[in-house]
Amino acid sequence: MRKKLIWYLILTAAVVVINFFLPRMLPGSPLRTLGADDTTLTEIERAQIYQAYGLHLPMHRQFGVYLRSLFTGDLGVSFSRRAPITTILAAALPWTALLSIASTIVSLIAGSLLGSLSVRLRRRGRDVPFILTVALIGSFPAFWVGMVLIAIFGVNLGVLPIYGAYSMWSGYTGIRHVLDVLAHMVLPVVTMSVGSLMIFFTTMRAGLLSVLGEDYIKLADARGLSRRRILFFYQWRNAVIPVFTVLMMHLGFVISGSIIIEAVFSYPGLGTVLYQAVLARDYPLMQYSFLLIALVVIIANLMADLCYPILDPRIRKT
Amino acid sequence: MNKKTLLIGCVIFVLYIIIAIAAPVIVPHDPIRDRVQPHVPPSATHILGTNDIGGDIFSELLIGTRQSLLIGFTAAVISLIIGVLFGVMAGWFGGWLDECLTAITSLCITIPFFPLVIVISALVRGGSLTPAVILGLLSWPETARILRSQTIAIRERQYIQYIRAMGAGSYYTLTRHVLRALVPMAAYRFILAFRAGVLAETTLSFLGLGSPQVISWGNMLYFAQARNAFLTGQWLWWVLPPGIALMGLVFALLLVSYYFEQAADPGLER
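This is the structure:
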């Protein structure tokens, strides 16, 4: 366990270092050429830009400034949004968390149920068309599903909001506000779930099939228990572990995926912050939002590692 | 299921390749030079209408196949080369080399893939192959990890032990026997990387971070989104076709991958 924690510390340190060197080392990097490229700038303006980014300092001093900013939490001011970067990120993080958790739950439940259904259909040899249908749905690019859902439900039917996380200027409070937020979540969550449905479907199905030949399943069958009972009480308990592994590995994927989906729906989460920072060439904001996303993913992985022994007693013994 | 799905997948895939090769000849209009009235709904001359600058959408759709296949293929080749190199070396030689390579692989797996791709794409602006290089350089770790464990398993097999006992060197055993045994898994990972590359290229282009100078499905969707095509009826012929084309390609690759997945892991049941 201690080894695990040390590994995660190294991982965090590596991500912090990579985040620092990435924009400074890449060829044609804008941080380096920010002032030098533009011939319309005067010497003084160029010096001011370098001063603002701390680029006039030698590399090791720049790294020191970077580290200090991380520890004090004072990340400077975003020039594209004219607000402190820390405030922007703190406001965005909960929305991404909300979207990621909700879509993970939806795709977990839907994928697991479909996976179980395909195993039940297998006995009657009718599972192939079923699997292919799920695979077909999973082959659509997620952002495209979002665009089509916007066109159908948002514009043509006009039943669901298509923009942002809540109605601005509405002044909703209490339960109206909660309902408003929920309504804004529906389309992004459905879109994200379609993208991750396949993973849970495949894992659940493989997990259920892997224990089919086991003695205790045969025994349960011999005792005359119903198929449904065997499936839900005996096979499921074993399929849960791989599904949980995938769930945790999936968190990184979900947060990655939320960037694109948030961009499509202009949802005010971390993904939108990162994307708009990229569009506005606001490199400090881009760098720090990337760092935050990476750290969230590392923490999710750490939590997964800590949860395994609780879920699977076989690991505890070794 | 497998023989049939492989056949269907291959037929669809070959169809895409034929379209990609023949596209410049069979397009009804030159999508770059032929400009007519913009935002024209579908008609006999323009099967899918025209876009915001008066280009024929159907012709763009055909030409876009090239970029998807090119980027997917290149990214998969880069990803496979690095993955095989890292995975086989770590699995075969073991020791400190294994520990180093495994640590690098684990580190790269943990860094969230797509945010990193976005950041690097924003920093490095290049030609039409740049997205492929970025995607290839970032997507190898999973392949390396799987090939490493397979190499370790193969190393312990009896016939490899016999060959080594007879005095065969590392290089001979690796190139003549181990790599050969890894082919089904490598093929499976290649197809998965191809599929992921195709999807990621379209997503990048859709975000405006791909290659702006080429015609691709992602760029088509980017302009459709930027011109608010889904607020009008235009989305039916501007947004739907590129997505469905992409889905067909991704689905075909998935079908082919099922076959190789089973070849790589015969115990697996589908």
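Order-wise, the sequence lines are chains A and B.
Using our numbering, you'd call the opening residue of the first sequence number 1 and step up by one each time.
Using our numbering, you'd call the opening residue of the second sequence number 319 and step up by one each time.
Glycine included, C-beta positions come from ideal geometry on N, C-alpha and C.
Chain B within 7 Å of residue i, Cβ atoms only
i	result
residue 332 (chain A)	No answer is possible for residue 332 (chain A): the residues shown for chain A start at 1 and end at 318.
residue 11 (chain A)	yes
residue 136 (chain A)	yes
residue 150 (chain A)	yes
residue 36 (chain A)	Low local confidence applies: a pLDDT of 48 at residue 36 (chain A) is under 50, so the model's placement there is unreliable, with the coordinate-based value given in what follows. By this cut-off, residue 36 (chain A) is not an interface position.
residue 130 (chain A)	no
residue 23 (chain A)	yes
residue 144 (chain A)	yes
residue 147 (chain A)	yes
residue 297 (chain A)	yes
residue 155 (chain A)	yes
residue 294 (chain A)	yes
residue 8 (chain A)	no
residue 110 (chain A)	no
residue 220 (chain A)	no
Residue-level contact to chain A via CB, residue i, 7 Å cutoff
i	result
residue 569 (chain B)	yes
residue 517 (chain B)	yes
residue 383 (chain B)	no
residue 548 (chain B)	yes
residue 553 (chain B)	yes
residue 538 (chain B)	no
residue 601 (chain B)	There is no way to answer for residue 601 (chain B), as the model of chain B reaches only from 319 to 588.
residue 564 (chain B)	yes
residue 561 (chain B)	yes
residue 572 (chain B)	yes
residue 557 (chain B)	yes
Residue(s) in a DSSP beta bridge with residue i
i	result
residue 368 (chain B)	B:374
residue 78 (chain A)	A:83
Enclosing alpha helix (DSSP H) for residue i [first to last residue]
i	result
residue 334 (chain B)	320-344
residue 70 (chain A)	59-72
residue 457 (chain B)	Element bounds for residue 457 (chain B): n/a, residue is neither H nor E.
residue 564 (chain B)	558-582
residue 320 (chain A)	It is not possible to answer for residue 320 (chain A), since the shown part of chain A is limited to 1 through 318.
residue 417 (chain B)	413-428
residue 211 (chain A)	Residue 211 (chain A) -> no alpha helix (DSSP H), and no H or E assigned at all.
residue 444 (chain B)	No alpha helix (DSSP H) holds residue 444 (chain B); DSSP gives it neither H nor E.
residue 8 (chain A)	2-25
residue 515 (chain B)	497-524
residue 290 (chain A)	283-311
residue 276 (chain A)	270-279
residue 476 (chain B)	476-483
Distance cut-off 6 Å: residue i Cβ against heavy atoms of the ligand NAD
i	result
residue 237 (chain A)	For the structure depicted, the ligand NAD is absent and the ligand set is empty, with no information on it obtainable.
By the 7 Å beta-carbon criterion, what residues does the region 465-489 of chain B contribute toward chain A?
none
Taking beta-carbon pairs under 9 Å, can you tell me which members of the region 420-437 of chain B lie near chain A?
421, 424, 425, 427, 428, 429, 430, 431, 432, 433, 434, 435, 436, 437
Would you check if there are 3 or more beta carbon pairs closer than 8 Å linking the region 424-441 of chain B to the region 532-548 of chain B?
no
Just by C-beta distance, which residues in the region 244-266 of chain A are closer than 9 Å to chain B?
249, 252, 253, 255, 256, 257, 259, 260, 263, 264
At a CB distance below 7 Å, what residues from the region 43-70 of chain A approach chain B? Give them in sequence order.
none
May I ask you to list, following chain order, the residues of the region 266-292 of chain A that have a beta carbon less than 7 Å from some beta carbon of chain B?
274, 275, 278, 286, 290
Kindly confirm or deny that the region 557-573 of chain B and the region 379-386 of chain B touch, where touching means at least three C-beta pairs closer than 8 Å.
yes
Tell me which residues of the region 498-526 of chain B have at least one Cβ-Cβ distance to chain A shorter than 7 Å, keeping chain order.
517, 520, 521, 524, 525
Answer yes if the region 260-272 of chain A comes into contact with the region 223-241 of chain A, meaning at least three C-beta pairs across the two stretches below 8 Å, and no otherwise.
no
Scan the region 224-243 of chain A for residues whose Cβ lies nearer than 7 Å to a Cβ of chain B and list them as they occur along the chain.
none
Closer than 8 Å, Cβ to any Cβ of chain B: which residues of the region 82-103 of chain A, in chain order?
none
Do the region 573-582 of chain B and the region 496-506 of chain B make contact, defined as three or more Cβ pairs closer than 8 Å?
yes
Below 8 Å, can you find three or more Cβ-Cβ pairs linking the region 106-119 of chain A to the region 272-284 of chain A?
no
Would you list, in chain order, the members of the region 353-384 of chain B that have their beta-carbon closer than 8 Å to a beta-carbon of chain A?
none
Assess, as a yes-or-no matter, whether the region 242-262 of chain A is touched by the region 193-202 of chain A under the definition of 3 or more beta carbon pairs within less than 8 Å.
yes
Is it the case that the region 462-469 of chain B contacts the region 399-417 of chain B, given that we only count it when at least three CB pairs across the two stretches are under 8 Å?
yes
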